[in-house]
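S.K.: Going by the working numbering, the first residue of the sequence shown is number 38, and it counts up by one from there.
We put the beta carbon where it would ideally sit given N, CA and C, even for glycine.
Owing to the predicted nature of the structure, the values given are computational and were not obtained by experimental measurement.
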Amino acid sequence: MNKRNPFYIALIVAVLGVVLFSAKAVLVKLAYQYDVEAIPLLLFRMAFSLPVYAVVALISRPKKPQAIRLKDYFWIFIFGFIGYYLASLFDFIGLQYIKASLERIILFAYPTLVVFISWLFLKERPAKVQLVAIVISYVGILITFYDELDVQGQGSGVIFGGIMVLLSAITYASYLVGSGWLIPKFGATTFTSYAMIISCLCVMVHYGLFIRSDLFHYPKEVYWLGFAMAMLSTVIPSYMVSFAIKHMGAASFSIVGSLGPFSTIVLANIFLEEQMTILQLAGAVVVIVGVMIVSKAKK
């Protein structure tokens with residue numbers, strides 16, 4: 038029994054990490070109720086996260102420092118810009134127009150985009166079962182999305198929001214595909230810390246150049262929600278997931294990860310009173326099944 042204890046501990050940590058990550062969209066939607074825009078809210082999230090990642094970056098050391106070249110730091114900047122800044126920006130904009138539960142379902146399909154991008158740029162041809170699973174996933178998204186258009190009756194806003202979240206998934210998938218060769222050099226913790234620092238700085242520059250509004254006129258709830266986003270849905274779960282993958286393996290974690298959309302649906306129902314139709318829930322199940330097939334086939 039003792040031999041199983043580390044696995045069960047990792048399993049509990051994995052579930053908590055997935056739930057905390059899934060809460061991000063709900064926290065964003067709660068903050069939007071106080072008339073805060075996407076960029077200031079994203080700035081609060083990044084500003085509260087930055088000190089933690091800076092400390093981790095100072096404490097941790099690259100895994101293979103002798104293999105690191107100056108150009109590698111340039112690529113960290115590129116991937117931090119794409120994978121965390123752009124992906125977060127598109128996501129926060131999209132959440133202004135669509136439900137948190139729909140956002141999570143679209144984002145959950147990112148492994149299918151990883152397969153597509155790897156095929157397009159790295160010539161890694163997917164297996165037939167992956168192609169079938171990808172079709173299944175997007176049929177599920179279309180089912181959920183079409184029903185949302187029917188429920189909301191606001192086609193243009195929902196479509197725009199969906200496109201923004203899809204762009205978030207595409208940029209994040211591009212980051213995963215492109216950064217794979219850098220992580221062994223720096224180590225996952227160091228690389229993630231560097232990339233997040235870049236992302237934080239990009240958001241600050243964006244705000245300084247294009248927004249310049251007063252950051253101190255919002256209700257106190259906005260700052261608390263920004264802090265919660267930073268700690269509970271960014272920093273803490275990122276390390277929880279790393280711990281879980283290390284101790285239970287990526288294959289086992291991918292199964293736990295399928296709880297993500299459902300946990301968002303439950304949290305959104307509790308805190309936002311979002312309702313999912315039977316057809317939307319069916320679409321979510323279809324997406325999850327397709328993504329799990331893709332993930333399993335990759336391994």
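1) How big is the Cα-Cα spacing for methionine 313 and valine 172?
2) Once you ignore the five residues that flank methionine 38 on each side, which residues in its own chain have a CB closer than 7 Å to its CB?
3) In its own chain, which residues sit with a C-beta less than 7 Å from the C-beta of valine 89, not counting the 5 before and 5 after it?
4) Considering only residues of the same chain and omitting the five flanking positions on each side of arginine 162, which have a CB-CB separation below 7 Å?
5) Going residue by residue through the region 84 to 138, where are the continuous alpha helix (DSSP H) segments of at least 4 residues, counting only ones entirely within it?
6) So for glycine 217, helix, strand or coil by DSSP?
7) For a test of the three-state rule: what should DSSP assign to lysine 66, helix, strand or coil?
8) Which same chain residues end up closer than 6 Å to threonine 227 when comparing Cβ atoms and leaving out the 5 residues on each side of it in sequence?
9) Hey, is the region 273 to 283 in contact with the region 101 to 113, meaning 3+ C-beta pairs nearer than 8 Å?
10) Just verifying my parser: in three-state terms, what is the DSSP assignment at glutamate 161?
11) Checking contacts by CB at 8 Å: is phenylalanine 182 closer than that to chain B?
12) What's the C-alpha gap between serine 205 and phenylalanine 129?
13) Span of the alpha helix (DSSP H) holding serine 236?
14) Could you check the C-alpha separation between valine 214 and tryptophan 112 for me, to the nearest Å?
15) Take every Cβ of the region 125 to 143, pair it with every Cβ of the region 279 to 290, and state whether three or more of those distances are shorter than 8 Å.
16) Apart from the five residues on each side of it in sequence, which residues of its chain come closer than 8 Å, Cβ to Cβ, to lysine 61?
17) Kindly list the residues whose CB is nearer than 7 Å to the CB of glycine 194, restricted to its own chain and excluding five residues on each side of it in sequence; keep chain order.
M.R.: Working from what's here:
1) The sequence position of residue 313 within the sequence shown is 276, counting from 1. The sequence position of residue 172 within the sequence shown is 135, counting from 1. C-alpha separation (whole angstroms): 23 Å.
2) Counted from its first residue, the sequence shown places residue 38 at position 1. Only weak support exists for where methionine 38 lies, its pLDDT of 44 falling under 50; the value from the coordinates is given anyway. Excluding sequence neighbours, methionine 38 sits near nothing in its chain.
3) As a working mapping, residue 89 is identified with position 52 in the sequence shown. Take valine 89, set aside five residues on each side of it, and the residues of its chain with a beta-carbon closer than 7 Å to its own are Val272, in chain order.
4) Indexing the sequence shown from 1 puts residue 162 at position 125. Closer than 7 Å at the Cβ level, and outside the excluded window around arginine 162, lie Trp156.
5) 107 to 117, 124 to 131
6) Working through the sequence shown from its first residue, we reach residue 217 at position 180. Looking at glycine 217 - three-state DSSP - the assignment turns out to be coil, as it is neither helix nor strand.
7) Residue 66 sits at position 29 when you count from the first residue of the sequence shown. Secondary structure of lysine 66 (DSSP, three-state): helix.
8) Locating residue 227 in the sequence shown gives position 190, where the first residue counts as 1. Ser97, Pro99, listed in sequence order.
9) Too few Cβ pairs lie closer than 8 Å, so no.
10) The residue labelled residue 161 in the question sits at position 124 within the sequence shown. Of the three classes helix, strand and coil, the one that applies to glutamate 161 here is coil, per DSSP.
11) Looking at the structure shown, chain B is missing, and only one protein chain is on hand.
12) Here the question's residue 205 lines up with position 168 in the sequence shown. Here the question's residue 129 lines up with position 92 in the sequence shown. Spanning the two alpha carbons is a distance of roughly 9 Å.
13) For the purposes of this step, residue 236 is taken as the residue at position 199 of the sequence shown. 225 to 247 is the span of the alpha helix (DSSP H), which, as asked, contains serine 236.
14) As a position in the sequence shown, residue 214 is number 177, starting the count at 1. As a position in the sequence shown, residue 112 is number 75, starting the count at 1. C-alpha separation (whole angstroms): 13 Å.
15) no
16) As a working note, residue 61 is residue 24 in the sequence shown. Cβ within range, chain order: Met266, Ser270, Thr271.
17) In the sequence shown, the residue the question calls residue 194 occupies position 157. Within the same chain, glycine 194 has close Cβ partners Tyr134.
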